[in-house]
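I have placed the structure first, in the form of C-alpha cells, so that the comments after it can refer back to it.
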Amino acid sequence: MALSQKLRGALALAALALSAAAHADIKVGIDLSTTGPAATIGITSKNAMLMWPKTIAGQNAQYLILDDGSDPGAAVRNIRKFVTEDKVDVIVGPNVTPAALAALDPVSEYQTPMITLIGSASVVEPQEGKRMWAFKMAQTDSAMADVMTRYMSNHNVKTVGFIGFADSYGDSWLNEFSKFAELRHIKIVASERFNRTDTSVTGQVLKLMAAKPDAILIAGAGTPAVLPQRTLVERGFKGPIYQTHGIATPEFIKLGGKDVEGTLFPTQPVVVARTLPADHPAKKAALAFVDAYEAKYGPDTVTQFAGDAAGVYPRLQDAVARALKTAQPGTPAFRVALRQELENAHELVAPNGVVNTSAKDHVGLDQRASVMGVIKNGKFVYLSQ
C-alpha cells in the first residue's frame, strides 16, 4: 500500500511538473535603442511591440524591454543579462547594425535565437557559425540597393556621389550599392563619410559637388541623415538626392522640412501602405497595421521600423506553434526547436512583406518587400516597384 501511495504521489508530481511546463511563459528579451542617436528608430519599434498580444501561440508571453542607448557595448550587456539571468527563449533586436553584430557572441554562446531589426545582411550572411542563431526582419541593404539602382538606371543616372555613416551601416551600403551600380553601369565618382553625431559635413559635401555627379546617395538612418541633405541644398546641388530605407521616420520629415522634399528612397510596404497598388500582396496586412498604429499613436506616425517590429510577432507566432510540439518554453531544447522553426516560415504575410525562410536564408523577404518611395508634400508616397 505504501509503495502504491508513493507511486501515485510520484506520478501526481510528475503530472504537475508537466502541466507547469506546458503553461510556462514564453520570455522574449527585447533590446532597442530608445535613447541616443538611433532613438527615432528604437522608439517606434518599441511602440509597435507594446501593441503585441499578451500570448504567443496560446502561451502567456513576458516581454522584457531594455534600452541600449545606441551603444553596442550596452546592447551586449543587455543581451547577456537576458540569456544568463532572465533565461529568455528568444532575443528581439538590436536595431542598429554594430550592436547586432556584437550580439552574435552571447546569443550563439547561449544558443538563443535572435531576430534583429537591422537592414544590413552582415548579421545573417553567411549562414554558418555564430550567424546560425541570428534572423532578421528588415529587408536587406542588398535588395534595397537593387531596387534603387534599377530606378536610377531607368531615369538616366550615370554617375553618383556617395556619403554614408562612418560605421558598419555605411560600409554595408557602400558595398551593396557598388555591386548593383556596377551591374547597371552607374559610376561612383566620389565617396565620403560622416559620423552620426557630426554637426557639419560641409567639407564632404563640397568634395561631392566638385565631382559633378548626376545624383547623390546619402547612406544614413534616422534624423542624422538630414544634415548632408540640408547641406547639399544650401550649397545649391540641383540633382536628385537619394536616401536609404533608414530615413523612414516622421522625425526625418519634421526635421528636414522643405530640404527633404522630393527625396527618393527605397522602402518597405508599411511606409507607403496607403498609396500601394491594390494588388500588392502585403497591402492588406500593411494597412491593418498602419490603421491600428496610428489610432494609438496619431496620424503619420508609422515607420518602417515599427512595421518591422510588428512583423516579429507573426514570425514568433508561426514558429512557436511548431516548436511547442517538441519542447517547452524555458528549456534549451525549446530554444533549439524555435531556431529551427524560424527557418521554416512559408508564405507568411507580415506588414512589410511575405516571408519564406530556410536554413540558408534567415531573412526570407523577396522583392515584394522592396519598393521605391518619394517624399511629396511632407509625406512618404509610393513611387514604383
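Here the sequence shown stands for residues -24 to -1, 1 to 361, where the numbers follow mature numbering (1 follows the signal peptide of the UniProt record, and there is no 0).
Note that CB positions come from ideal geometry on N, CA and C, so glycine has one too.
Contact check, residue i vs residue j under 8 angstroms by CB: the rounded distance?
i, j, result
"residue 436", "Ile32", "The structure shown does not extend to residue 436, since the chain spans only -24 to 361, so no value can be given for it."
"Ile194", "Gln205", "6 angstroms"
"Thr92", "Ala78", "Actually they do not touch by this definition, with Cβ atoms about 11 angstroms apart."
"Ala258", "Pro245", "4 angstroms"
"Thr277", "Tyr289", "No, Thr277 and Tyr289 are not in contact; Cβ-Cβ is about 19 angstroms, not under 8 angstroms."
"Val165", "Val136", "7 angstroms"
"Met348", "Val59", "Met348 to Val59, Cβ: 39 angstroms. No contact."
"Arg172", "Pro74", "About 11 angstroms separates the two Cβ atoms, so there is no contact after all."
"Ile17", "Phe281", "5 angstroms"
"Ser46", "Val68", "So it is not a contact: roughly 17 angstroms between Cβ atoms."
Should residue i go down as buried or exposed, given a rule of 16 or more other Cβ atoms within 10 Å for buried?
i, result
"Arg311", "buried"
"Leu26", "exposed"
"Arg211", "exposed"
"Thr20", "buried"
"Leu80", "buried"
"Ser360", "exposed"
"Glu61", "exposed"
"Leu341", "buried"
"His322", "exposed"
Given this structure, state the Cα-to-Cα distance separating residue i from residue j, to the nearest angstrom.
i, j, result
"Ser148", "Ala37", "35 angstroms"
"Ser154", "Ile139", "13 angstroms"
"residue 362", "Ala261", "The question about residue 362 has no answer here: the residues shown for the chain are numbered -24 through 361."
"Pro327", "Ser346", "12 angstroms"
"Thr307", "Val66", "11 angstroms"
"Ile192", "Arg126", "15 angstroms"
"Ala(-15)", "Pro48", "At Ala(-15), the pLDDT of 49 sits below 50, so the modelled position is not reliable and the matter cannot be decided from this model."
"Thr302", "Val64", "18 angstroms"
"Lys163", "Leu240", "18 angstroms"
"Gln304", "Leu42", "25 angstroms"
"Gly105", "Arg315", "14 angstroms"
"Gly146", "Gly198", "13 angstroms"
"Val331", "Leu203", "34 angstroms"
"Pro189", "Ser144", "24 angstroms"
"Asn353", "Asp255", "25 angstroms"
"Val133", "Glu237", "19 angstroms"
"Ser334", "Asn320", "6 angstroms"
"Val318", "Leu182", "Reading off the sequence shown, one finds Leu at residue 318, where the question assumed Val. If I take the Cα positions, the gap works out to 47 angstroms."
"Arg53", "Gln87", "16 angstroms"
"residue 365", "Leu150", "With the chain represented from -24 up to 361, any question about residue 365 goes unanswered, as that position is not in the structure."
Quick one: give me the first and last residue of the beta strand (DSSP E) that residue i is part of.
i, result
"Gln55", "In the sequence as presented, Gln is not what sits at residue 55; that position holds Ile. Careful: Ile55 lies outside any beta strand (DSSP E), inside the alpha helix (DSSP H) at 48 to 57."
"Thr243", "240 to 243"
"Ala110", "110 to 112"
"Gln38", "35 to 43"
"Ala326", "324 to 326"
"Ile223", "Element bounds for Ile223: n/a, residue is neither H nor E."
What residue does the alpha helix (DSSP H) around residue i start on, and which one ends it?
i, result
"Asn151", "144 to 159"
"Thr73", "73 to 85"
"Leu318", "308 to 318"
"Asn178", "Sequence inspection shows Thr at residue 178; the Asn mentioned does not correspond to that position. Per DSSP, Thr178 belongs to the alpha helix (DSSP H) from 178 to 186."
"Met27", "Where Met27 is concerned, there is no enclosing alpha helix (DSSP H), given that its DSSP letter is neither H nor E."
"Ala264", "259 to 273"
"Thr125", "117 to 130"
Do residue j and residue i count as a contact pair if the criterion is CB distance below 8 angstroms?
i, j, result
"Asp117", "Ala51", "no"
"Ala187", "Ile223", "no"
"Ala15", "Ser9", "yes"
"residue 402", "Met185", "Residue coverage of the chain in this structure runs from -24 to 361, which leaves residue 402 outside it and unanswerable."
"Val296", "Gln115", "no"
"Thr225", "Thr279", "yes"
"Pro82", "Arg107", "no"
"Ala249", "Val266", "yes"
Mind checking whether the beta-carbon of residue i lies closer than 7 angstroms to any heavy atom of the ligand ADP?
i, result
"Ile67", "Questions concerning the ligand ADP fall outside what the structure shown contains, since it holds no ligand whatsoever."
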